[in-house]
Structure formats: C-alpha cells, structure tokens
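Chains as they are written, first to last, in my numbering: chain F, 1 to 377; chain W, 1001 to 1377.
Glycine included, every Cβ here is placed at the ideal spot set by N, Cα and C.
Here is the structure we will look at, set down as structure tokens.
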C-alpha cells in the first residue's frame, strides 16, 4: 500500500454536471482536501458548515478537512457517525437532524459529506429534508463514491423493507474529490469501485472499456494518473446520462446506469447486505446480465467473455458462492427492487460493448434460469 | 350549519400553477369528490392509489372518495390516521412508510391526501421521499388547506425542535377542491381559513381586499359562490407568487406569503401549537405586522385600521390572551423560525393595502416593543 501522505502537485480535472439551476462541478485533484475550505468559501457561501463523517474516516481525513475549513474562516463542527450501512437507518438519520438543530443550523447552512456512499447518501438525505432542503457538498473518500454516488443527486436512507427505500433527489452544490484519499483505501474497496468504472465502459463507451483493459494493472497499483483519469471519465459519463434524465424518468436513459444492478441488488438484498461489497454484487450482476444477453442473442459470445475476463482481472467475482441463497430466492428478490414499475421486471442488457438498452420483455422463467445456471464456487 | 349533502351543479373553476415540468391544475367545484376517480384516471395514470386521511374526515369524505376511485377502476385503500398535529410526527410518518411498503406501492403509485393541512403536509412528505418521490394528489377539506397548503408544494413533518422542521418541496400532480366539503367544516376552522384569504388581499391585491370587505357576510354564511370565488382567487394569487419563486429563494417574492407568519409562528411555537388555530395566530400576527409597519411609518393608520377591522369582522383575534406567554418569550421564539437566515430576523410588512415587502433592518428592540405593547384580553 502506498503512503498516506498528501501530494500537492497535479492539475485539477473538472467535470461539470449540467442540470440547469442545479448544475454543479466535480473537481478531482490530489491533495484537494486541504483546499476544500477556500473552495467552499467561494462556491457555497455558507455561514455555517457541519461536516458529517464516520469513525473510520474522521481520524484520517476529518481533522485535516476541519482545519482547512477553519483556516478559510468557516465555522464548522465535525460529526463522526458509526461506520457501515447501519448508519443509513431511520434512527441515525433522526439523530443527525437533532444535531443539526442543536448546532443551530439554518437554511443558509451547508452539510459536508466526507466519506463513502453511506455517508453521502445519509448526509444528502438530511440536507434534502432539513428545513425543506439546504446546501450540501460531497467529499467522497472511496472509489465507489467518487465514480458513482458523487454524480446524480440520489440520496437515501434504508427502510427495513427496502434499501434506499426512503430518499430524495437533491443535487450537491459541489463535489471535491481528493484522489490521494484512495491511497489508504482497503484493496477490496478499491476493486469494488472498479466494478462501477467497468460498468461505464460497457453501457456506453467501448473506447473507455478498451482503455480500462489496457490500464487495469496501473489502476490496481493505484497509479494516481490512471485513477484520476478513470474517475474523471466515469463522472463525465454519468454526468452526461444524468444531465439528460435527472429523475430516472419512465423510458429515460438514466435506467442504463442500472446495468448489473437488478441482479446485483437482488444478491445484496437476499444476503441482507452482508458478505458482498456493492461492487462485488454488481460485478456478478454484470456477468449475469451478460449471460442473459447472450441467451437472448443480443450480443456475441466474444463480447460477453471480454467483459467477464476484465471483471475477473479486476479481482471481482462473476460467480456466486456455494453458500449463497437458492436461485428461487434470488429471483424473487429481483421483484422487490425499486426499479420495478407496476410489478414488471426491467433488465438493462448489453447489445455490444459500449451499448446497452432496457428490456421489459424478459419472461420470468428465463430470468430464473439464469439464476439457476450461474456457477457457484 | 348547512346540510352535508353534495350538490351536483356548479361549473369547475380551474387555476393552473405554472412550474415548468411540475405544473399542475387546481380544480374547484361543488361535488368534485365524486368525480376524483375519473379525473385521477386521466391526470395521474397511477396503477395503485393509497388515500391518506384521518379518523375525523375518513367517515365523512373517505368512503365516498374510495367509492369514486373504485368506480373509475382504480385499486386503492384508505388509511385513517389519528387526527391533529400529532400525526405530523416522525413516528406516524414512519408508520405511513411501513403501510406504503406493506401495500406494495411502487414508483408508479400515487398517494391521495384527503383532509386538512396536517394530512396534506404529512402525505406530501411521504410522497416526496417514498422511493425518492412518487406522485401525490391533494383533496383538501378545510378552507385553510384549500387556499394555502394546496398551492406551492411545501410538505413537512414536525421536529421536536421545529414545526415543519423536516420537509421537502414536492408539487402535487393535481389538486381537487370540493367546495361542498366546507359545509361540514366547524365554524372556527372556517374563520381560521379566512385569515389566509385576507392575507392575499393585503400582500398583493387591494381590489380583492375590498371584495372580501364587501362579501364577508356571505363568506361567513358559507355562500357557495362567494367561497368558491375566494378560494379561486386565493389559489390564483399564491400560484402567481409561487410560480415566480418555487423554492422561496433569497430575495424572492415567495417570502411575502409569510406576512403575519413570523409573529404568528412565534405565538404558535411558544404555546406548543395549543390554544390557537393557525389562522388565529396568523390573524394576530397580521395585526402585529400592521402595528410594526405603522411605527416604522410604512403605511397610514387608516390602512392598519381597515385591516384590523376586517380581521375582527371575520371573527378572528387581533390581541393576545392574558394567559399567553411573556413578550420576551414570544420575541425569542421569532428567532427560531425557519425564515431566519444567518440569525437575522425578516419581517414582511405592508406598505399599503395590496403591497408588502421584506424588511431585514428591524432592530430587535423594536420588534420586542411590539410584543410588549400588543393588548391582551
């Protein structure tokens, strides 16, 4: 693992998310954490800031960020929540509202989400609903949060019956990505993030897919240039899709981002979000979607193999475990996915590397068969 | 009190709220409740509907509405919550999410809020956040909800520290106002609603103010024509203001709707929302704002008197009660209002009947003096 020291060099990469009055910029730069204070002072103009993080990230990145805010003249406290998906519950959400009121935050205040997807989702949801919505800024510290959660404004907490079941669309005012934060990210989390990076290649960009194939070793070795390029490109890809379809409308292209996720979410839900990281479940989901596409003759066996090979090279799974739930249970779980509309299953399937579409006509038996036939190891 | 029977006559009045892709229509018509089914089938196209009401309104208006839905071929259940502001708590909100999941609602479902402001606020908030937002339709049954809550998309639940402290902007897909519902509305609630009607006259429409003066007796006698006109005009007024400033932006005109509300909310908050109906507190608030405007020489004594006289004729209070909290407590409560930004008080003050503006330069001592000098009886 590389050292956790901050590099001061490296030009800023900026991706603009075009959403009319809700447009914002994603800035990607090594060492950016220490500049968040001054950037915040110019982009958000908040009088009060509350930084929300967890007990793992707080000690590593929280203190430098708080210091950066202080030196920019912004008064802000740091709240450390318990780490893990457990923080996305009703109870923690309620305690965060309490803290916001205790701290005297008002409509001109700003929340800063410092952490992975859980912190971003929860903090974003509280920002979306505290006093009917206040500003928030994302400072993602995991690759997954950088390439996925930082774009699109999806915020949520979990309901006991549905992951992300309670939420809102609330765009951040800015996203600050310090690529140096990846230096201390556990290997397994890095790989999990790569699943989403690979996703962008498959759904809409064959050239990017080829780039990942060529640069996978550099990505896994945490080469700063390679990682920054992958983050920028992924954000640009998602920003383009979200810019055309902010609210995931019926028939809109935002649904394409769910490639690998219908199967993936079912795996996660069936296992109660234990055992697989999100990117790992999505990786298996992409393999299953590829297999289903193959059976429907939507794309060629060579293409399916190329995707599967890249997933495996990234250290991600394409098979289920022997101990995983029965195919019938996994199949049933796909129907509880939020993407279902009117009880109808939708699958995002590739028709080529770089091309995907939503299919509503997959017979249930065909989907079940894929679950039954996926190898287990 | 008039009979509760439904009249089938009367042309529909339609007010369009222009909010781009979130535009919707308010339809005002006697007997409309029985037509909600067919209207819903054409405007919302929801596959599943859940009607949310309370135990007072359910038995009177819920059953006819449920029947109307059924005869239009819409499958929908009716949920009766406990009546009163207590329903706007975290706990009831949570139980409503549970019901939504239990009933198998999905993103294509629609919530129908049948009742007063509490039901509208709560149901709207759940619609705003269930699966990141689903459709909802308002069927207001109180005058206050018809002229105020039905326009503008403000939804919320209460936080122990702040009324409406947790909420979202979420526009309904349609508002159906059955003016016949007012036939069974208690007198005190009717008068409470009239406070908001008078408000529209003062803040932006001198001619409407004069119309209310001339037609107050008819309004109090529940003349259907007079009430329908007042509702239509109030909705049109609010729709115009909200159309220009959907999210109550800094410096926007939506703040004008808070005329009487900074003082009014302080009264309500200090008394823990007991003792005064919302319109009653707003009525006192309007009198106090008028007095403050007078002291600042913003308008003429004749104008202040004319407003006060109309408030009194409507059976609404302009004075505090002897038993109300001390002026200092009421004054302190104005600072906890959500309208505060960066700790700075803002007062919406009239400069003439039909003309108001936001003033940020009222010294604290001056505001306190108004609280101290308001008569108590």
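What are the boundary residues of the beta strand (DSSP E) that residue i is part of?
i	result
residue 1027 of chain W	1024 to 1028
residue 114 of chain F	110 to 115
residue 1158 of chain W	1154 to 1159
residue 351 of chain F	347 to 352
residue 1192 of chain W	Note, residue 1192 of chain W: premise wrong, no beta strand (DSSP E); alpha helix (DSSP H) at 1187 to 1204.
residue 370 of chain F	First-last for residue 370 of chain F: 364 to 373, but that is the alpha helix (DSSP H), not the beta strand (DSSP E).
Quick test of your reading: residue i and residue j, contact by CB under 8 Å. State the CB separation rounded to the nearest angstrom.
i	j	result
residue 100 of chain F	residue 126 of chain F	7 Å
residue 350 of chain F	residue 118 of chain F	Residue 350 of chain F to residue 118 of chain F, Cβ: 29 Å. No contact.
residue 72 of chain F	residue 41 of chain F	5 Å
residue 214 of chain F	residue 22 of chain F	In fact, because the Cβ distance is near 36 Å, the residues do not count as touching under 8 Å.
residue 280 of chain F	residue 316 of chain F	6 Å
residue 1121 of chain W	residue 1149 of chain W	7 Å
residue 1310 of chain W	residue 1198 of chain W	6 Å
residue 34 of chain F	residue 139 of chain F	In fact, because the Cβ distance is near 11 Å, the residues do not count as touching under 8 Å.
Would you give the residue range spanned by the alpha helix (DSSP H) that residue i belongs to?
i	result
residue 1095 of chain W	1090 to 1102
residue 1013 of chain W	Note, residue 1013 of chain W: premise wrong, no alpha helix (DSSP H); beta strand (DSSP E) at 1013 to 1017.
residue 1075 of chain W	Element bounds for residue 1075 of chain W: not the alpha helix (DSSP H) but the beta strand (DSSP E), 1075 to 1081.
residue 1050 of chain W	Looking at the DSSP string, residue 1050 of chain W is not in any alpha helix (DSSP H); the run it does join, the beta strand (DSSP E), is 1048 to 1054.
residue 135 of chain F	No alpha helix (DSSP H) holds residue 135 of chain F; the beta strand (DSSP E) holding it covers 135 to 140.
residue 1130 of chain W	No alpha helix (DSSP H) holds residue 1130 of chain W; DSSP gives it neither H nor E.
residue 1355 of chain W	Unbroken run through residue 1355 of chain W is the beta strand (DSSP E), 1355 to 1359; no alpha helix (DSSP H).
residue 238 of chain F	224 to 244
residue 36 of chain F	36 to 43
residue 282 of chain F	278 to 295
If you draw a straight line from the alpha carbon of residue i to that of residue j, how long is it in whole angstroms?
i	j	result
residue 235 of chain F	residue 92 of chain F	29 Å
residue 260 of chain F	residue 1025 of chain W	40 Å
residue 58 of chain F	residue 1077 of chain W	46 Å
residue 143 of chain F	residue 180 of chain F	11 Å
residue 1112 of chain W	residue 1015 of chain W	19 Å
residue 1209 of chain W	residue 1096 of chain W	40 Å
residue 1010 of chain W	residue 1325 of chain W	46 Å
residue 32 of chain F	residue 13 of chain F	11 Å
residue 226 of chain F	residue 218 of chain F	6 Å
residue 166 of chain F	residue 1303 of chain W	49 Å
residue 366 of chain F	residue 333 of chain F	15 Å
residue 1357 of chain W	residue 354 of chain F	56 Å
residue 308 of chain F	residue 300 of chain F	13 Å
residue 1128 of chain W	residue 156 of chain F	12 Å
residue 75 of chain F	residue 103 of chain F	11 Å
residue 1256 of chain W	residue 29 of chain F	43 Å
residue 1163 of chain W	residue 1085 of chain W	10 Å
Compare the C-beta of residue i against all C-beta atoms of chain W and say whether one is closer than 9 Å.
i	result
residue 164 of chain F	yes
residue 154 of chain F	yes
residue 124 of chain F	no
residue 128 of chain F	yes
residue 355 of chain F	no
residue 173 of chain F	no
residue 254 of chain F	no
residue 361 of chain F	no
residue 146 of chain F	no
residue 94 of chain F	yes
residue 98 of chain F	yes
Which same chain residues end up closer than 8 Å to residue i when comparing Cβ atoms and leaving out the 5 residues on each side of it in sequence?
i	result
residue 253 of chain F	241, 244 and 245
residue 1312 of chain W	1318
residue 1200 of chain W	1147, 1208, 1233, 1234, 1237 and 1238
Considering only residues of the same chain and omitting the five flanking positions on each side of residue i, which have a CB-CB separation below 7 Å?
i	result
residue 1054 of chain W	1080, 1081, 1082, 1083, 1087, 1115 and 1119
residue 375 of chain F	319
residue 38 of chain F	72
residue 327 of chain F	368, 371 and 372
So is residue i in contact with chain F if we call contact Cβ pairs under 9 Å?
i	result
residue 1346 of chain W	no
residue 1299 of chain W	no
residue 950 of chain W	With chain W covering 1001 to 1377 only, the question about residue 950 of chain W has no answer from this structure.
residue 1229 of chain W	no
residue 1377 of chain W	no
residue 1159 of chain W	yes
residue 1167 of chain W	yes
residue 1309 of chain W	no
residue 1136 of chain W	no
residue 1133 of chain W	yes
Skipping 5 residues on each side, what residues in its chain have a beta carbon closer than 6 Å to that of residue i?
i	result
residue 1006 of chain W	In this predicted model, residue 1006 of chain W has a pLDDT of only 42, less than 50, meaning its place in the structure is not dependable; the value taken from the coordinates is given anyway. The residues are 1031 and 1180.
residue 1189 of chain W	1142
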